[in-house]
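Below: the structure, in structure tokens.
Numbering (my numbering), first residue to last: 8 to 294.
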């Protein structure tokens, strides 16, 4: 494990964002290191997640499988914090990574979302902490930075997310997915989750047991849940490369700027319109 430290806040709940990444994706192998606008997709995700005003540390969690050596080597080269664990039991990978960094709050991000938005991460975290709204509107463009003292208080929820599978309402685009939980809730899931999809997709045990955990879904008004900005296929990759080209290869643009781009060029949505999103209960034996 590369244990380079970040902005640690002693005596407060350390917020750790864990980005899961692997090379053996079935639909687009090696996608996390494919080029998007001149940089590997993983680099885009790490840099954008690091722009969160609330997250203390960002760690890339990959597997011990030999196929994932390129990810570990790239993280070492870039000086990114990395953790290697189980290939198939991603929940265990998350738990062990979070435990090793003494996390109090865990943020789940996936490495196939190259326009993950730090503002959305912070809005989800603020709602989770009980310091922000659970319904985001167009007026909520900026997220106020929270002080260390505020983070010392117990979160208002055990788990929060801005996208969950049906029958939950999905109002944020696919590709801005942010899931947040307390380390205590993650540990309970790690100990008790037994279904394959609960081990692979990390958080389902929590939102499938609302009778045990305080679960919050953060929504957006208006509803933009029909947009697909994640990378699972070559068509997705084509779209994300096109988006980055429109912004000159820079990665400091917001998701609202992407919405504006689609308003000017609605034909962009046709590039990956036929791609279907996997059901969360499907198990691919990996991330």
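Even for Gly, the Cβ is constructed at its ideal location relative to N, Cα and C.
No experiment lies behind these values; they were computed from the predicted model shown.
Count the other C-beta atoms from every protein chain shown that fall within 10 angstroms of the C-beta of residue i, then say buried if there are 16 or more, exposed otherwise.
i, result
"residue 208", "buried"
"residue 259", "exposed"
"residue 44", "buried"
"residue 27", "buried"
"residue 198", "exposed"
"residue 276", "exposed"
"residue 64", "buried"
"residue 150", "Model confidence at residue 150 stands at a pLDDT of 46, short of 50, so the residue's coordinates are unreliable; what they give is reported in the following sentence. Flag for residue 150 reads buried."
"residue 280", "exposed"
"residue 218", "exposed"
"residue 283", "exposed"
Can you list, in chain order, the residues of its chain whose CB lies under 6 Å from that of residue i, leaving out five sequence neighbours each side?
i, result
"residue 152", "Residue confidence for residue 152 is low, a pLDDT of 43 falling below 50, so the modelled location carries little weight; the figure read from the coordinates is stated next. So the qualifying residues of the chain are 60."
"residue 232", "177, 178"
"residue 163", "137"
"residue 221", "164, 165"
"residue 100", "68, 92, 93"
"residue 252", "none"
Starting from residue i, follow the beta strand (DSSP E) in both directions and report where the run begins and ends.
i, result
"residue 64", "64-70"
"residue 22", "22-27"
Name the one or two DSSP bridge partners that residue i has.
i, result
"residue 91", "69"
"residue 115", "25, 186"
"residue 47", "42"
In chain order, what residues of the same chain have a beta carbon less than 8 Å from the beta carbon of residue i, not counting five sequence neighbours either side?
i, result
"residue 157", "Per-residue confidence for residue 157 stands at a pLDDT of 49, beneath the threshold of 50, marking its modelled position as unreliable; no derived number is given."
"residue 171", "177, 214, 224"
"residue 357", "Because the chain in this structure spans residues 8 to 294, residue 357 falls outside the shown range and cannot be described."
"residue 227", "142, 143, 144, 169, 178, 179"
At which residues does the alpha helix (DSSP H) containing residue i begin and terminate?
i, result
"residue 99", "97-107"
"residue 207", "203-207"
"residue 79", "76-85"
By Cβ distance, which residues of its chain are closer than 7 Å to residue i, with the 5 residues on each side in sequence left out?
i, result
"residue 313", "There is no way to answer for residue 313, as the model of the chain reaches only from 8 to 294."
Got a sec: does the ligand MG put a non-hydrogen atom nearer than 7 Å to the Cβ of residue i?
i, result
"residue 227", "For the structure depicted, the ligand MG is absent and the ligand set is empty, with no information on it obtainable."
Exercise for review: Return the chain-ordered ranges of every alpha helix (DSSP H) run that is complete within the stretch 212-278 and spans a minimum of 4 residues.
Suggested key: Segments of the alpha helix (DSSP H) lying fully in the stretch 212-278: 241-253, 262-271.
Review point. Can you give, in chain order, each stretch of the beta strand (DSSP E) that sits fully within the stretch 118-199 and has at least 3 residues?
Key: 142-144, 166-168, 186-189
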